[in-house]
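What follows is a short report on a single structure.
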Amino acid sequence: SRTTQQNLISTVEGATEKISARSQLSYVRPQPDKTREGLIEEGVEIKLEKLELHQLVELLYQFDQSDQILKVSQLRVRTRFDNPEQLDTSITLSRFRETGL
Numbered sequence: 001s002r003t004t005q006q007n008l009i010s011t012v013e014g015a016t017e018k019i020s021a022r023s024q025l026s027y028v029r030p031q032p033d034k035t036r037e038g039l040i041e042e043g044v045e046i047k048l049e050k051l052e053l054h055q056l057v058e059l060l061y062q063f064d065q066s067d068q069i070l071k072v073s074q075l076r077v078r079t080r081f082d083n084p085e086q087l088d089t090s091i092t093l094s095r096f097r098e099t100g101l
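Right, here's the structure in full:
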């Protein structure tokens, strides 16, 4: 639903603020909902550029510590060609709710 996606987007924005990487967030794209076994999976794909490894680790930790049940369903990390110390990453972040809600 729209509210949940807004909620997920603000969770992502909040987490990137906490790790001082808000400016490195290239995009947040809502993904189509998927329903299976009585659960609705709502997701967003996010892309961050020029992250340092510790920032990526901290970001994943922020998602893990969230008061929502979040799951990183896809994680792609590439070393930057122009600076091997930095990473570009795209993450698909999902959260689940029961279909009856």
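When the letters of the sequence shown are read in order and numbered with my numbering, they come out as residues 1 to 101.
Backbone N, C-alpha and C define an ideal beta-carbon position, used for all residues, glycine too.
None of these values were measured; they are calculated from a predicted model.
Alpha carbon to alpha carbon, how far is Ile19 from His54? Give it in angstroms, no decimals.
-> About 9 Å.
Can you tell me the Cβ-Cβ gap for Arg80 and Leu87, rounded? I've got them flagged as a contact below 8 Å.
-> The pair is a contact, with the Cβ atoms about 7 Å apart (cut-off 8 Å).
Spatial distance of Lys71 from Val77 (CA atoms) | Each residue's Cα considered, the two are about 17 Å apart.
C-alpha gap between Gln74 and Ile46, whole angstroms = Between the alpha carbons of Gln74 and Ile46 lies a gap of roughly 10 Å.
Exposed unless 16 or more other CB atoms sit within 10 angstroms - verdict on Thr16 | Result: buried.
Roughly how many angstroms separate the alpha carbons of Val57 and Ser10, rounded to a whole number?
-> It is roughly 19 Å from the alpha-carbon of Val57 to the alpha-carbon of Ser10.
Give a single yes or no on whether Leu56 has its beta carbon closer than 8 Å to a heavy atom of the ligand ATP.
-> For the structure depicted, the ligand ATP is absent and the ligand set is empty, with no information on it obtainable.
DSSP three-state call for Ser20: helix, strand or coil?
-> Per DSSP, reduced to three states, the secondary structure at Ser20 is coil, with no helix or strand assignment.
If Thr92 sits next to Gly43, beta carbons under 8 Å apart, how far is it from one beta carbon to the other, in whole angstroms?
-> Correct: roughly 6 Å between the Cβ atoms.
Could you tell me which residues DSSP pairs with Pro30 in its beta bridges?
-> According to the DSSP secondary-structure assignment, Pro30 is paired through a beta bridge with Val44.
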